[in-house]
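A.B. asks: Below: one structure in structure tokens.
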Amino acid sequence: MTHHSTPAKQAIQFDVIVVGAGLAGSAAAMVAARKGLNVALVERGQKPGGKNYFGGAIYTHAIAEVLPDFMELNPPFERPVTEAGFWFLHPDGGMTRMTVRGGKLDRAPADAYTTLRARFDPWWAEQAQKAGALLVPKTTVVDFIRDSEGAVIGVQTDRPQGEMYAPVVIICEGVNNLLAQKLGLKDRDLEPAHVALGFKQVIFLPKELIQARFGLQNDQQGVAVSVLGDVSLGLPGMGFVYTNKDSISVGLGMMLDVLAEYRLKPYDILQRYLSHPAIAPLVEGGQLVEYGAHLIPEGGWRDMPRLYTAGALVAGDAAAMVNALHWEGTNMAIIAGKLAGETAIEAHSRGDFSAKTMSRYEDRLRQSFILQDLQQYRNFSRFLEQHPQFMDVYPRFLNDALGNFFTAYGKPKKQLFKDIYAALTQRRPLLKAAGDIIAMGRSVMGW
Amino acid sequence: MFHALVAIKQVPDTTNIRIDPVTGTLVREGVPAIMNPYDAHALAAAVEWKRKLGGKITVISMGPPAAITSLREAIEMGADRSILISDRKFGGADTLATSYTLAQVIQAIHAQDPIDVVFFGKQAIDGDTAQVGPGVAVRLGWPILTYTIGIRNIDLENRRLVAERKTERWVEIVEVPLPAALTCEKDIAPIPYAPLPDLLRSLRYQPEVWTTESGHCTFDPNQIGIKGSPTVVYKQGTPPLPTPGEKINAREIGTAEAVRHALDKAVASGVLKSILGGA
Amino acid sequence: MAMKRGDEFTAKELPKELKDTLPTVYVDDMLMSLKYFVDEEQAHLWIKDHAVCARCQYKPCLYFCPVGVYTLAKDGKIQVSYQACVECGSCRVGCPYSNIGWKLPRGGYGVAYKFG
Amino acid sequence: MGVRRFWAFIEQELGQVHPVSWELLGVARRLASQVEDEARAMGDTVAVEGILLGHEVEPIAHEAIKYGADRVYLLDDPVFKHYRNCPYAAGITAIARKYQPEVFLIGATTLGRDLAGAVATALRTGLTADCTGLEMEEVKGSPKKLLLATRPAYGGNILATILCRNYQPQMSSVRPRVFPMPPYNPEAQGEIIREDISISEEEAKACILEFIHAKGESVNIEYADVIVAGGRGLGGPEGFKLLEELAKELGGVVGASRPCVDAGWISYAHQVGQTGKTVRPKLYIAAGISGALQHKVGMQNADFIIAINNDPKAPIFDVADVGIVGDLYQVIPEMIQQIRALKEAKA
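Chains as they are written, first to last, in my numbering: chain A, 1 to 447; chain B, 1001 to 1279; chain C, 2001 to 2116; chain D, 3001 to 3347.
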């Protein structure tokens, strides 16, 4: 922490410095720059998106809040999500599918689009540049500059003569929130039990082949599914499959503590998942164009840092804004970025960057779904931790039950229901199962 | 005051090119363009000497409009001025036409603002010809030192430069009069991690654009582009995929036998002949 | 029942028939698809104290790193080939002894995803 | 009655001739024979001629004749004692203008590549660099056969065949050790023409102050004939002592893949591959190297590759001429023994 009383002579001065040109950062920069503020959007990668890796799909309701006419600017989405749901993989090679298709999902613009971050993020940052923000690439922020009262008045980058000054710094550094920790907004680093390691392959396949294999008519249709059961060896984790224009993203996320304790190699698990009899035909003949991995802050509410201090705000993954159950993180990042940008505008109009003014950011978050959802699901990740059955026992039960249900093998139906009942109670006594359901209900409803 | 000119080229990042395993062709989809790595090290050397002697650096690049990004990156690395030489008429130029075009531009700049040293990269990683540097030097009538791995001294008063150049058998220390041209190996200088002010300046810098009609410099239409190029690509293909050699399993036939078999094949190929003291 | 730290950390074993379903994959094959701007001068990952690694019985870092940066040298020390790193942070967070030095690479260096 | 001259530059330094010079004479002879019939039909003759510059180097001219040159143009002058770009380029340009060769080949060595670019520009003609294929063939629209020069581009991912239509001479720099050595005929007869072209030291411009011969640690793996390279499979720095022993036995140097250099087992000067050096040895022995693309790019041009790895699936086997699946700590000592035995048998 370097303490400067007055900025250097020809100091590099901005109204707002945003750290990280990801979904939250570019949104914050766009909103602030639009109101005429002099914004520096500092990105450590060669270009925005180069350091980001996700499932994944982006929700357009959040984009629309920041950029209402986004469809006219033809955003580099991959495919609209016209089919979503769950696949349960059975260890015996079978699969049960529960998906929703068409109907509401066929609206245009769609609710969600599958996306590739190295293609989308540069476009998203470009909108911030068009609004007037200055994108400063290839520069890593390593520390803060604070005034005598400890208010943040700038950042220290790792470049020679690397100080940049601004009364408001918006931290969108991503899941590894070392800057938020350095600023004292969080007292300890991430915990293995609260973060999932996502690892995935992007596999090139000709468009027609993707459409044939996933039952899609054209490239204006796409699939986004969560995959449970045998995908993560029955251990806490969730797989996914997303169809892009001419590639598919196939991967999974597993709790880091599980990977560490069972000493599992992600690339072995991914290869096993890809060769599962229900998945292999979908990727067959494809060419690996990229493998990557990224942490997901599943802890949510429990791991959230303080969101503001004098002269600084935290948004996106850096603030652990992820709701694992609903696959939500990108929309929260974008809207939190927007609310941070609005707070910066308000502070500049008042000329007051104290913690009190900065706290308006948290008020805005409370009024939005972000803090309400995160608070409601605050116990969900602990619940999952304490009830691994939802990753192993119940998906297997569901597979067996539905498997039996759909096989007519000439026994009286009474026997069929006995078998289904047995398939559950062998694995989990009825009373305990009931308890699990209630526990899940409470953790989801936030009681 | 020291005035260096650095000629750079924007090239596809060949280390990033994927070969389509099925067709064996080059997959160029989305291959980013970068500053030719050898040119970046040449520019880094120029920046080091500009900082030592005081002065300025002009960077020129012949290429399509997209090359502007590399010319901005040159400002980030410490250049003061960068010029894009871009015109449809320059298209398809081989090394002879390229050396003519660059020499014309350098002479035009030299006339207004005398140049002490012209820096080139050893070669471009997409063409690997290493001919442009010597070609430009001949047209300017300046001495050229290729494969330069270090500059020992630049004496502006006595108009002398002393540099180290690497040949296959030794390293030569050579002195040449100024103005002189160098083609540089990567060892000549590390790529600087640019100070923030230079990076910010490069973000706002708009490189100059010289064309055949922009009036900055005249070009003989018969010596530029395809018209000025004696060599032309007659046909192009991919090299045959190497057929994998024989794989011997030492665990099955024993280490000694496996090694004997491998050495026999090596001897048969004639590779070991000169090594083992054969004729 | 969060993961225990330090000397209390103990590895668990999957049932054998489940473990046998895991293939062994050559991580280098997957890494070939990745583009890096390698910082030849500065490594952004390091082992804080090799003596701590020597005491670490289970060395989970050799397994859970998604790109296999950590390997065991013949002399028992942990080798860090930082060039393959994709900056996910798992090692910093997952090492039972928090014995891995981790910082972001210099601006512009490190992994550069082309798809993401 | 014209003479269609095929020229080969005889590269020598301190009296020692670079073997590529003889390979060039071999190629020039093959190209000349490809146009012999056409020339006779047009009433012309063909000639394979050498170009030699230096000081008191006449014996080399005689050697050139024994390797197939009909004639050698000799520029023997103190100014040419050590290779310097300006005097050599000026001298060659002068005699090329005088004798108008049809094809002019120069070795793609560091010296040759330095020289060829300057000469081609001075003669305002075409030059194709680093060729791996040369043929004289009929080309639509050309009265005489033309030189088709094939060369690698994009780091060897593409092979391009280049043509130089109406410019003389058609020049190309030729990659060493691609073309065979021509036969050596001790009784061959030929003519030596001394050209007295004097160039002043002032015109020579460059002046060499000192030669530093590569010695000791400074490893020059880029030009080594034999490289014994180690990878992660060695498991530790001591593995390189074993490779050093084998390399010494073969008069070669030790190379390494990137992971070893990062682990600090060996210095960066030894690194072969995309971020290290590109090498073209006669013999490349890869011990414990997986053979990731970034490494293969740097060593796939070796003449002969022996790969040793205990993993049969290792990608290195795809580019190796012969692969041994086994433990390198057994295979390498055995190889050292057998090579010593081979050397004794030869001595």
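Virtual Cβ for every residue (Gly too), placed ideally from N, Cα, C. Fair warning: this is a prediction, and the values are worked out from it, not measured in the lab.
Could you tell me whether any Cβ in chain C is nearer than 8 Å to the Cβ of B/Y1193?
C.D. replies: Yes, B/Y1193 counts as interfacial toward chain C.
A.B. asks: Can you say whether B/E1257 is buried or exposed, counting buried as having 16 or more other CB atoms within 10 angstroms of its CB?
C.D. replies: Exposed, since its Cβ has fewer than 16 Cβ neighbours within 10 Å.
A.B. asks: Taking 8 Å as the threshold (beta carbon to beta carbon), is C/Y2113 in contact with chain A?
C.D. replies: Yes, C/Y2113 lies at the interface with chain A (some Cβ there is under 8 Å from its Cβ).
A.B. asks: Tell me, please, whether the CB atom of A/G162 is closer than 8 Å to any CB atom in chain B?
C.D. replies: Yes, A/G162 counts as interfacial toward chain B.
A.B. asks: Between which two residues does the beta strand (DSSP E) carrying A/Y313 extend?
C.D. replies: Note on identity: in this sequence residue 313 of chain A is Leu, with Tyr being the wrong assignment. Here the beta strand (DSSP E) through A/L313 covers 312-314.
A.B. asks: Name, please, each residue of chain C whose Cβ falls closer than 8 Å to the Cβ of A/D189.
C.D. replies: Ordered by position in chain C, the residues that pass the 8 Å Cβ test against A/D189 are R2092, V2093, S2098.
A.B. asks: Over what stretch of residues does the beta strand (DSSP E) that includes D/I3010 continue unbroken?
C.D. replies: Per DSSP, D/I3010 belongs to the beta strand (DSSP E) from 3003-3010.
A.B. asks: Output the boundary residues of the beta strand (DSSP E) element that contains A/S26.
C.D. replies: It is not in any beta strand (DSSP E) - A/S26 instead sits in the alpha helix (DSSP H) that spans 23-34.
A.B. asks: Kindly give me the distance between the Cβ atoms of A/K182 and A/D143, rounded to whole angstroms, as I take these residues to be in contact under 8 Å.
C.D. replies: Confirmed, about 7 Å.
A.B. asks: Candidates A/Y262, A/D419, A/L197: which alpha carbon is nearest A/V298's?
C.D. replies: It should be pointed out that residue 298 of chain A corresponds to Glu in this sequence rather than to Val. Nearest option by C-alpha distance: A/L197.
A.B. asks: Can you tell me whether DSSP reads D/K3282 as helix, strand or coil?
C.D. replies: DSSP places D/K3282 in coil when its eight states are reduced to three.
A.B. asks: Which residues in chain D have a C-beta closer than 9 Å to the C-beta of C/Y2026? List them in chain order.
C.D. replies: By Cβ distance, chain D contributes S3290, D3311, K3313, A3314, P3315.
A.B. asks: Nearest to A/P122 by CA position, among A/R101, A/P76, A/G102, is which residue?
C.D. replies: Nearest C-alpha to A/P122: A/P76.
A.B. asks: Return the chain-ordered list of same chain residues with a C-beta closer than 6 Å to the C-beta of C/G2110, the five sequence neighbours on each side being excluded.
C.D. replies: Excluding positions up to five away in sequence, the list reads E2087.
A.B. asks: Taking the C-alpha atoms as reference points, what is the distance between D/A3069 and D/Q3034?
C.D. replies: Taking the straight line joining both Cα atoms gives about 16 Å.
A.B. asks: Between the C-alpha atoms of A/I63 and B/T1243, what's the straight-line distance to the nearest angstrom?
C.D. replies: Rounded to the nearest angstrom, the two C-alpha atoms are 52 Å apart.
A.B. asks: Which of helix, strand or coil does DSSP assign to B/P1221?
C.D. replies: Residue state, collapsed to three classes: helix.
A.B. asks: Let me know the secondary structure DSSP gives D/D3076 once reduced to three states.
C.D. replies: In the structure shown, D/D3076 sits in a strand (DSSP, three-state: E or B).
A.B. asks: Where does A/L228 fall in DSSP's three states?
C.D. replies: Correct three-state label for A/L228: strand.
A.B. asks: May I have the straight-line CA-CA distance separating A/F390 from C/L2045, to the nearest angstrom?
C.D. replies: Rounded to whole angstroms, A/F390 to C/L2045 spans 36 Å at the Cα level.
A.B. asks: What is the residue span of the alpha helix (DSSP H) that D/K3241 lies within?
C.D. replies: 3239-3249 is the extent of the alpha helix (DSSP H) around D/K3241.
A.B. asks: For A/I12, which three-state DSSP category applies?
C.D. replies: Residue state, collapsed to three classes: coil.
A.B. asks: Please classify D/H3270: does DSSP put it in a helix, a strand, or coil?
C.D. replies: D/H3270: helix per DSSP, three-state reduction.
A.B. asks: Report yes or no: is there a C-beta of chain C within less than 8 Å of the C-beta of D/P3259?
C.D. replies: Judged by the 8 Å Cβ criterion, D/P3259 is in contact with chain C.
A.B. asks: Helix, strand or coil: how does DSSP classify C/R2106 here?
C.D. replies: Three-state DSSP puts C/R2106 in coil, outside helix and strand.
A.B. asks: Please list the segments of the beta strand (DSSP E) lying wholly inside the segment 290-345 of chain A, counting only runs of 3 or more residues, in order along the chain.
C.D. replies: Listed in chain order, they are 312-314.
A.B. asks: Residues in the same chain with beta-carbon distance under 6 Å from A/N379, minus the five sequence neighbours each way, listed in chain order, please.
C.D. replies: Taken in chain order, the residues that qualify are S443.
A.B. asks: With distances taken from CA atoms, which of D/A3263, D/Y3073, D/I3305 is nearest D/E3191?
C.D. replies: Nearest of D/A3263, D/Y3073, D/I3305 to D/E3191, Cα basis: D/Y3073.
A.B. asks: Using 8 Å as the threshold, is the segment 3035-3048 of chain D in touch with the segment 3116-3124 of chain D, meaning 3 or more CB pairs across them?
C.D. replies: With a cut-off of 8 Å, the segment 3116-3124 of chain D and the segment 3035-3048 of chain D do not count as touching, because too few Cβ pairs lie within range.
A.B. asks: Could you work out which residues of chain B lie near A/V136, taking near to mean beta carbons separated by less than 9 Å?
C.D. replies: Ordered by position in chain B, the residues that pass the 9 Å Cβ test against A/V136 are L1196, L1199, L1200, L1203.
A.B. asks: Using 8 Å as the cut-off, can you tell me whether the segment 202-217 of chain A makes contact with the segment 274-287 of chain A, which would need three or more C-beta pairs spanning the two stretches below that distance?
C.D. replies: Contact holds: three or more Cβ-Cβ distances are below 8 Å.
A.B. asks: Could you have a look at A/M71 and say whether DSSP puts it in helix, strand or coil?
C.D. replies: A/M71 falls in the helix class under three-state DSSP.
A.B. asks: Since B/T1167 meets chain D, which of its residues come closer than 7 Å, beta carbon to beta carbon?
C.D. replies: Under the 7 Å cutoff, chain D gives T3110, L3111.
A.B. asks: Of all the options D/K3277, D/I3197, D/G3288, D/T3150, which has the alpha carbon lying nearest to the alpha carbon of D/G3091?
C.D. replies: Of the listed residues, the one whose Cα sits closest to D/G3091 is D/I3197.
A.B. asks: Suppose you measure from the CA of B/Y1205 to the CA of A/Y308; what does that come to, to the nearest Å?
C.D. replies: Distance between the alpha carbons of B/Y1205 and A/Y308: 35 Å.
A.B. asks: Pull up the distance between the alpha-carbon of D/C3164 and that of B/K1227, whole angstroms please.
C.D. replies: So the alpha carbons of these two residues sit roughly 13 Å apart.
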